[in-house]
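Asker: To convert, note that position 188 of the sequence shown is 188 in UniProt numbering; the numbers rise steadily by one, no gaps.
Virtual Cβ for every residue (Gly too), placed ideally from N, Cα, C.
Given the structure is predicted, the values throughout are model-derived calculations rather than measurements.
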Amino acid sequence: MKVSSWQIIKYFGYDFHKFHANRQKWSWKNRDVMKRVDQQLDSFQNLTIYDDEPIDNITFTVFDLETTGFFCNLGDEVLAIGATKLNRNRIDFPEQFYEVIEPVKPMSAFVSNLTGMTHEEVTAGLAFPEAFSKFLEFSKGSILVAHPASFDVQFLKILADRWRLHGYDPLYIDQYQLAKSLYPRKRNSLDELIKLYQIETSGRHHALADAYMTATVFHHLLDELDAKDVKTWGELKKFGKS
1 MKVSSWQIIK YFGYDFHKFH ANRQKWSWKN RDVMKRVDQQ LDSFQNLTIY DDEPIDNITF
61 TVFDLETTGF FCNLGDEVLA IGATKLNRNR IDFPEQFYEV IEPVKPMSAF VSNLTGMTHE
121 EVTAGLAFPE AFSKFLEFSK GSILVAHPAS FDVQFLKILA DRWRLHGYDP LYIDQYQLAK
181 SLYPRKRNSL DELIKLYQIE TSGRHHALAD AYMTATVFHH LLDELDAKDV KTWGELKKFG
241 KS
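(1) From P103 to K85, what does the alpha carbon distance come to, in whole angstroms?
(2) Buried or exposed: which applies to P148, given that a residue is buried once 16 or more other Cβ atoms fall within 10 Å of its Cβ?
(3) Have a look at S242 and S150 and give me their C-alpha separation to the nearest angstrom.
(4) Helix, strand or coil for Q198, going by three-state DSSP, please let me know.
(5) So, is W233 buried or exposed, given that buried needs 16 or more other C-beta atoms within 10 angstroms?
(6) If you pair each beta-carbon of the segment 115-134 with each one of the segment 213-226, do three or more pairs fall below 8 Å?
(7) Compute the beta-carbon to beta-carbon distance between I173 and I143, rounded to the nearest angstrom, for a pair I have assumed lies under 8 Å.
(8) Mind checking who E66 pairs with in its DSSP beta bridge?
(9) I need the straight-line Cα distance from F19 to K238, nearest angstrom please.
(10) What is the DSSP secondary structure of F155, counted as helix, strand or coil?
(11) Ordered along the chain, which non-local residues of its own chain (more than five positions away) have a Cβ less than 8 Å from that of H205?
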């Protein structure tokens, strides 16, 4: 998707300053939250998984974002984070994660129609650092999975940096790349894979519902890789890194 000249002018002329004024004001009033997230990020960086670790021993956090748009570097923000946990032996973890986030940049009517999120729901949401803190706690000790991670993981990293929450560099698998390695001639969109594996669709473009459907696809992909004798983290990440 291309960026228009108007988007660039509007961001640097208005949205950039509005966001950072809001960030400074909120961060000052909520210094305890900002300090807590900084501490979480310090410990998050210490996660190490060795290449010979069996995939069956690894817990994955499969997540999805709803956002105000595609361009975090030009002012777009997260509206919701949905996530579920998974390993090869278990998909129905009792823990699920869902938080709505109030952005500085208003949600457009198009995004509201696409996601089903209302302005009342969004304005009642948490500030990004609060929701991010909860997501860090939920996903602690796991490897992230997203479809595609080149969007979702990068969006989180950039938005965290915009909030001056630096150092977020999680281990992750890009499910799109994983599928592409198995089906190089297919488009491998999430919708196409849902259809391929005959997964029931419910609540598409709701962050938690999409996370659960992504996790179900991931479970199928892991089964296929297992049949190809892909057994360890070192082998898996060769398939799923962008």
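Answerer: Taking the geometry as given:
(1) 26 Å
(2) buried
(3) No answer about S242 holds up, because its pLDDT of 49 lies below 50 and its placement is not dependable.
(4) coil
(5) Flag for W233 reads buried.
(6) no
(7) 6 Å
(8) A80
(9) One Cα belongs to F19, the other to K238, and the distance between them is close to 38 Å.
(10) helix
(11) E66, L114, T115, G116
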